[in-house]
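Chains as they are written, first to last, in this note's numbering: chain A, 1 to 239; chain B, 1 to 239.
Working notes for the structure below.
Number of protein chains: 2
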Amino acid sequence: MDGYAKHAFEPFAVTVDLAVFTIRAGALHVLLVERGQEPYAGRWALPGGFVRPDESAEGAARRELGEETGLTDVSGLHLEQLRTYSEPGRDPRMRVVSVAFAALLPDAPEACGGGDAARARWTPYDRARELAFDHDRIVADARERVGAKLEYTCLATAFCPPEFTLGELQQVYETVWGATLDRPNFRRKVLATPGFVEAVPGAARLTGGRGKPAALYRAGTAAALHPPLLRPTPEGRPA
Amino acid sequence: MDGYAKHAFEPFAVTVDLAVFTIRAGALHVLLVERGQEPYAGRWALPGGFVRPDESAEGAARRELGEETGLTDVSGLHLEQLRTYSEPGRDPRMRVVSVAFAALLPDAPEACGGGDAARARWTPYDRARELAFDHDRIVADARERVGAKLEYTCLATAFCPPEFTLGELQQVYETVWGATLDRPNFRRKVLATPGFVEAVPGAARLTGGRGKPAALYRAGTAAALHPPLLRPTPEGRPA
DNA sequence: TCAAAAGTGTTGGCCATACACCCATGT
DNA sequence: ACATGGGTGTATGGCCAACACTTTTGA
C-alpha cells in the first residue's frame, strides 16, 4: 500500500458478476442474461455491472440483483462473495477486475430481465455452458461453493420460501448435491441442530395432493451447522 | 458487464494485501510492515501493493510475497485468495479496491523488510492490533479462514518445513486453534488420511535434545481431509 | 383399499475419545 | 534414574446409516 501516487497505477474497471441460483422443478437453475453487444454479442452471460464510485462491491451486487430479478426487497436474500477474477485479458477490451458473488433465491420470481440486459432467463445449471468471458468458470466455482456450504452452514433455507416443509428442504440438498438422502435421518439431523429451523405453530400444508400433510418450518437463526451434514461419499472414499 | 464505455466508470486502484502467517516459538505470527508516509505514517500494516497492468491479483500477491520476505522461490508456498475489500472510504485518498490473500510459511526466513516498505517484522498475532486502513479486519478474517481450513484440508503442512515430525504438525493445529489435542488420536487421524503425509524412509531426527527421536514426514498430495479433523468444541456446543 | 408422502422407532457397526502403557533418548 | 517427547494399544460410549414400521391424506 506504500509508494503510490495518482499516476502510479493504470486504471482498472471494477465490476461485479452474479451467479444467482434457484431451484425449479427439482433442478438447479442459474440466472443468465443475453449480451446485446460485442464482445460475445448474443452469448449468454452472468448478470453484473460496474461498481459505482459511492458503493461497495456488495452494494453493487445487491443493486444488480434487484435490477435483474425485479425483486424489490433484496435485503434479506443470501449474497456471498465468491472470489475476484483478475486475469489480464479476461475482457478483450480493457482491464476489468470482477468481484464475483453467489446468490440464492427461493423458487424464482418468474419475472426477470429488467436492468440493462437484453433478455434474462433462468437456465438449468447443466445447460449453462459456453458463457461469455470466463463465466463458465465462475458459475462452476459458485456451484461448488454452494454445494460445500450446504454441508456446514444453514444456507439451504435460503433456497426455500419463508415457510417450507422438511421435504422441500431435503430436496434442496438432493438437487444441489445430486444425491438422495435418507429422509428419517435427514429429518433428525436438521431438527437436532438448534436454530437451523423452527416449527411454525399453526397449520400444516398439503404436499401436492397425495400424502400426509407436512409440518411447516421457518428458517432459524443459526448460521453454522454443528455437526455438519456431509454429502454422501460419491464412491469408496475412505471416510 | 453490459453497457460500458471508456468513460462509464471512475478509475479504481486495485491492490493486493497479504496476511502472511508463520509459527514461531509456539505462537502464530503475522508479517507486518511499517508505513513510511501518510496516511497512517508510522503505523503497521499488511504488506501489499498495486496490481500491475500485466499481472493478475494472484501474480501480484506472489510477487509481493517474494519482495517482502526475501524468499526467492515462492512458487510452492500456499497462497489463497481471501476476499476483496471494496468499501468506499477504506483509503482516505482515493478509491482503492483490495484483493486480500492469506499466505502460510514454514518458520520464517528471519530476513524480511525488502521491497518498498520502511521496515518489516514478524509480529505475534495477538499484538497485531490497530493496523492501518481496515487491516485489523483483514487479518482477523484471514486467521479465521486459516483456522477453519485446517479442519477439512491438508493445509497445516504449509506451515511446516519440507520434512517435519507429527509433533510439529500437531503444534501447528494447537497454535492456530489455541487448543490442545490428544497426541495418540491426532497421530492416528493424520496417518489414517491417505495423502495427508507420507513417511520419509530414511532417518529419524532428534526432537530438541530430549525424548525419543521422531519419524520424519513429508507433505502428501491430498488436498482435502475426509473425514475432517474438527477443533475441540470450546464449550458445551451441542455437537 | 391402495399409493404416496410424513413421521417414529430401533439396531448394529463404526469411530473417536480418553487414558494406560511402552520406547528411546539426553542429562 | 528420571524427565521428556514419540509411539502403540484398547475399551467405552456416542453417533449415524440403514431399514422396518406407523400415520394421514387423495384417488
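Built from N, CA and C at the ideal position, the CB exists for glycine as well.
Note that the coordinates shown come from a computational prediction; the quantities given were computed from them, not determined experimentally.
If you draw a 10 Å sphere on the C-beta of residue 229 of chain A, you find 16 or more other C-beta atoms in it, and that means buried. Interface annotation, residue 187 of chain B: not in contact with chain A, CB-CB separation never under 8 angstroms. Interface flag for residue 159 of chain B against chain A is unset, since no Cβ pair is found closer than 8 angstroms. Excluding its 5 nearest sequence neighbours in each direction, residue 93 of chain A has C-beta neighbours in its own chain below 8 angstroms: 39, listed in chain order. Taking the C-beta atoms as reference points, residue 20 of chain A is found nearer than 8 angstroms to residue 30 of chain A.
Contacts with chain A at 8 angstroms (Cβ-Cβ) include residue 14 of chain B. Interface annotation, residue 74 of chain B: not in contact with chain A, CB-CB separation never under 8 angstroms.
At a cut-off of 8 angstroms between beta-carbon atoms, residue 83 of chain B makes contact with chain A. With fewer than 16 neighbouring CB atoms inside 10 Å of its own CB, residue 199 of chain A falls in the exposed class. Per DSSP, the beta-bridge partners of residue 22 of chain B are B:29. With at least 16 other beta carbons inside 10 angstroms of its own, residue 175 of chain A counts as buried. Residue 37 of chain B carries a coil assignment under DSSP once its states are collapsed to helix, strand and coil.
Per DSSP, the unbroken beta strand (DSSP E) holding residue 79 of chain B starts and ends at 78-85.
Residue 174 of chain B is bridged by DSSP to nothing; it lacks a bridge partner. For residue 107 of chain B, the three-state secondary structure derived from DSSP is coil.
For residue 69 of chain A, the enclosing alpha helix (DSSP H) starts and ends at 57-69.
Among the residues of chain B, those whose CB is under 8 angstroms from the CB of residue 57 of chain A are 84, 86 and 97, following chain order. DSSP places residue 219 of chain A inside the beta strand (DSSP E), whose first and last residues are 214-219. Inter-residue distance for residue 46 of chain A and residue 60 of chain A is about 14 angstroms (C-alpha atoms, whole angstroms).
A straight-line Cα-Cα distance of about 21 angstroms links residue 148 of chain B and residue 195 of chain A. Any Cβ of chain B closer than 8 angstroms to the Cβ of residue 51 of chain A would place that residue at the interface, and such an atom is present. Cβ atoms of residue 132 of chain B and residue 44 of chain B come within 8 angstroms of each other, at about 7 angstroms. Residues of chain B whose Cβ lies closer than 7 angstroms to the Cβ of residue 232 of chain A do not exist; the shortest such Cβ separation is about 12 angstroms.
The alpha-carbon of residue 119 of chain B is positioned some 11 angstroms away from that of residue 69 of chain B.
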